Amino acid sequence: MRLFFLTISIFFLSIVYPQDTLFKKKHLTEIDIEAFYSFYTQDGEHSAVTGGIGTEKLHVHGAGFNFGLTYDTSHTLIVESYIDAITSASTDKIDFIVSSASYHDNHVSAHIGYQYTSKRNPFLIGGKYLFGMESDFMSHGFNLWTSIASKDQTRNISLSLVCYFDDLRWGRLAEETGYKPTTLVYPVELRYKQWFDIYHRNSYNLNLGLKQDINRKLSVQLDGGIILQKGLISTSFHRIYFIDSDSVKVENLPRQRLQIPLGIGLNAFINPVLIIKTYYRYYWDDIGISAHTITLEVPVKLNYRFSFYPFLRFYQQTASTYFKPYKEHLLSDEYYTSDYDLSAFLSYKIGLGFGFFPDTRFGKSRWAFNNIVFRYAYYNRTDGLDAHMLSLLFDVRKY
Amino acid sequence: MQFGSSTVENMEQKAHAYREGASGAGKGKTSGGCGCK
Numbered sequence: 001m002r003l004f005f006l007t008i009s010i011f012f013l014s015i016v017y018p019q020d021t022l023f024k025k026k027h028l029t030e031i032d033i034e035a036f037y038s039f040y041t042q043d044g045e046h047s048a049v050t051g052g053i054g055t056e057k058l059h060v061h062g063a064g065f066n067f068g069l070t071y072d073t074s075h076t077l078i079v080e081s082y083i084d085a086i087t088s089a090s091t092d093k094i095d096f097i098v099s100s101a102s103y104h105d106n107h108v109s110a111h112i113g114y115q116y117t118s119k120r121n122p123f124l125i126g127g128k129y130l131f132g133m134e135s136d137f138m139s140h141g142f143n144l145w146t147s148i149a150s151k152d153q154t155r156n157i158s159l160s161l162v163c164y165f166d167d168l169r170w171g172r173l174a175e176e177t178g179y180k181p182t183t184l185v186y187p188v189e190l191r192y193k194q195w196f197d198i199y200h201r202n203s204y205n206l207n208l209g210l211k212q213d214i215n216r217k218l219s220v221q222l223d224g225g226i227i228l229q230k231g232l233i234s235t236s237f238h239r240i241y242f243i244d245s246d247s248v249k250v251e252n253l254p255r256q257r258l259q260i261p262l263g264i265g266l267n268a269f270i271n272p273v274l275i276i277k278t279y280y281r282y283y284w285d286d287i288g289i290s291a292h293t294i295t296l297e298v299p300v301k302l303n304y305r306f307s308f309y310p311f312l313r314f315y316q317q318t319a320s321t322y323f324k325p326y327k328e329h330l331l332s333d334e335y336y337t338s339d340y341d342l343s344a345f346l347s348y349k350i351g352l353g354f355g356f357f358p359d360t361r362f363g364k365s366r367w368a369f370n371n372i373v374f375r376y377a378y379y380n381r382t383d384g385l386d387a388h389m390l391s392l393l394f395d396v397r398k399y
Numbered sequence: 400m401q402f403g404s405s406t407v408e409n410m411e412q413k414a415h416a417y418r419e420g421a422s423g424a425g426k427g428k429t430s431g432g433c434g435c436k
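Chains A and B, in that order, give the protein sequences. When we follow this note's numbering, the leftmost residue of the first sequence carries the number 1, and every step to the right adds one. When we follow this note's numbering, the leftmost residue of the second sequence carries the number 400, and every step to the right adds one.
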């Protein structure tokens with residue numbers, strides 16, 4: 001009799017509560033947190049703020065974090081944020097007052113997004129809202145991406161769209177303007193007129209990528225893009241001096257810029273310890289600049305915890321059609337810049353990175369210390385600018 | 400989402416974006432961003 005009633009009870013329970021809900025599936029959640037710090041310092045003698053001459057001494061301390069929460073292996077929430085604290089001897093020359101407010105600035109950036117990864121097919125899609133702000137700039141934007149892989153995972157095609165909508169006016173952080181953007185920042189002696197009647201800059205960046213495994217030891221990647229910028233391309237506090245006049249003007253560039261980068265990379269897995277990664281990029285734009293980039297990185301795995309990777313980068317660019325050095329522009333020129341970032345030069349970057357992967361759990365918790373990465377690079381340009389870069393990253397995960 | 404070494408490389412890429420004309424569109428002063436000169 002007891003067995004009869006037990007059987008009947010189980011029968012009715014299985015109707016009211018279908019079997020799979022009696023055994024509730026646990027949707028696993030993973031959390032990934034990166035904290036990072038970077039330091040950048042440079043010096044040179046061709047400041048665009050003072051017409052192509054003068055110090056380019058600059059320090060940037062950056063810090064931030066990336067947060068990812070993945071639910072049920074498919075849904076990922078993304079939060080990224082960083083702040084750069086900038087001191088610049090050249091922007092201090094906007095008003096010729098030593099160590100004035102223009103000597104310091106902060107750049108704040110925050111992104112929030114979501115990515116869906118299909119469990120059945122190797123397909124993912126995602127999007128992020130992008131925000132950035134400085135004293136003389138505010139940017140809203142978005143990034144959309146998708147990628148699909150072949151069933152055997154040897155091929156992957158990706159597509160990405162990044163758009164920025166920038167407002168280049170100053171005043172948001174200033175009490176005297178009521179914390180409202182009011183004007184572009186011009187050099188102090190050139191504030192007798194509004195040099196531009198626009199204050200926005202919109203950027204549209206479409207990229208397509210293809211990765212293909214040739215065999216177990218060789219993979220190739222191709223990527224190409226098209227970038228269109230519309231609005232105020234020039235920098236409103238850059239000065240221009242002329243060979244045929246004592247006049248001083250504000251840098252002026254066309255209101256549109258089209259850019260096309262194309263790249264190819266080859267990764268060779270020599271053995272379990274050594275990988276050789278190479279990449280070549282060609283760049284062209286319609287303000288006269290074309291460029292070539294070659295990078296070489298050689299990751300070496302010392303053991304399952306330690307690795308290091310030396311790297312080298314060579315870069316060559318032609319000058320913009322509108323570039324001339326200090327006091328070489330003609331007053332009759334329609335567009336002009338003395339920004340040496342748009343001049344002809346060669347540059348190289350050399351450095352070394354270290355990775356430590358302890359994969360150590362914190363006690364009996366589900367949190368684990370995933371890795372630490374440290375990277376140093378030295379950068380040198382043939383016009384005399386050089387820079388040092390330090391980067392440090394900590395990564396912890398909850399499984 | 401790209402983490403790890405690409406995050407560190409991205410921090411360094413900002414320097415190229417500031418100092419080379421070939422970058423842009425969201426990475427560097429030619430498309431907004433840091434006014435570092």
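Ideal placement from N, C-alpha and C gives every residue a C-beta, glycine not left out. None of the values given here were measured: they were computed from a predicted structure.
Of the other Cβ atoms in all chains shown, fewer than 16 fall within 10 Å of the Cβ of A/Q194; this residue is therefore exposed. In this structure, the beta-carbon distance from B/E419 to A/D341 falls below 8 Å. Proximity of A/D197 to chain B, defined by a Cβ-Cβ separation below 8 Å, is not satisfied. In the three-state reduction of the DSSP assignment, A/S47 falls in the coil class, being assigned neither a helical nor a strand state. Here A/Y322 is buried. Its C-beta has 16 or more other C-beta atoms within 10 Å. At a cut-off of 8 Å, the C-beta of A/A377 has a neighbouring C-beta in chain B. The beta carbon of A/L210 sits closer than 6 Å to those of I157 and L222, all from its chain and outside the five residues before and after it, given in chain order. Shown here, A/A377 sits in a strand according to DSSP, grouped into three states. CA-CA distance, A/Y164 to A/F137, rounds to 12 Å.
By the CB criterion at 8 Å, A/F345 and A/D383 fall inside the cutoff. The secondary-structure analysis by DSSP pairs A/N303 with nothing; it has no beta-bridge partner.
Going by C-alpha positions, A/D244 is about 21 Å away from A/S47. Taken atom to atom, the span from the alpha-carbon of A/F67 to that of A/E328 is near 49 Å. Of the residues A/D84, A/Y71 and A/A149, the one whose Cα lies closest to the Cα of A/G64 is A/D84.
Note on A/H238: 16 or more other CB atoms within 10 angstroms of its CB, so buried under the neighbour-count rule. Of the candidates A/R155, A/L69, A/V250 and A/V273, the residue whose Cα lies closest to the Cα of A/Y192 is A/V250. Secondary structure of A/S147 (DSSP, three-state): strand. Under the Cβ criterion (8 Å, minimum of three pairs), the stretch 275 to 294 of chain A counts as touching the stretch 304 to 322 of chain A. In this structure, the straight-line span from the alpha carbon of A/G231 to that of A/L144 is close to 22 Å. Beta-bridge partners of A/A344 (DSSP): none assigned.
In this structure, A/L393 lies near A/F36, with their beta-carbon atoms less than 8 Å apart. Comparing C-alpha distances from A/S160 to each of A/F314, A/G171, A/I148 and A/N121 shows the shortest one belongs to A/I148.
Here A/G113 is buried. Its C-beta has 16 or more other C-beta atoms within 10 Å.
The stretch 149 to 183 of chain A is shown to contain no whole alpha helix (DSSP H) run of 4 or more residues. Going by beta carbons, A/Q153 and A/P187 fall outside the 8 Å limit.
Beta bridge pairing from DSSP links A/S219 with A/D213 and A/N267. Taking a C-beta cut-off of 8 Å against chain B, the contacting residues of the stretch 59 to 73 of chain A are V60, G62, N66 and G68, listed in chain order.
Nearest Cα to A/K398 within the set A/G171, A/S135, A/L253 and A/T70: A/T70. Taking C-alpha positions only, A/V108 is separated from A/L58 by approximately 18 Å. The beta carbon of A/G127 lies closer than 7 Å to those of G113, Y114, F142, N143 and L144 in the same chain, with the five residues before and after it left out. Going by C-alpha positions, A/S347 is about 23 Å away from A/R257. Residue-level contact by beta carbon holds for A/L393 and chain B, with a gap shorter than 8 Å.
Under the three-state reduction of DSSP, A/Y204 is assigned to strand. Here the C-alpha atom of A/V300 lies approximately 12 Å from the C-alpha atom of A/A268.
The beta carbon of A/Q221 does not come within 8 Å of any beta carbon belonging to chain B, so the residue lies off that interface.
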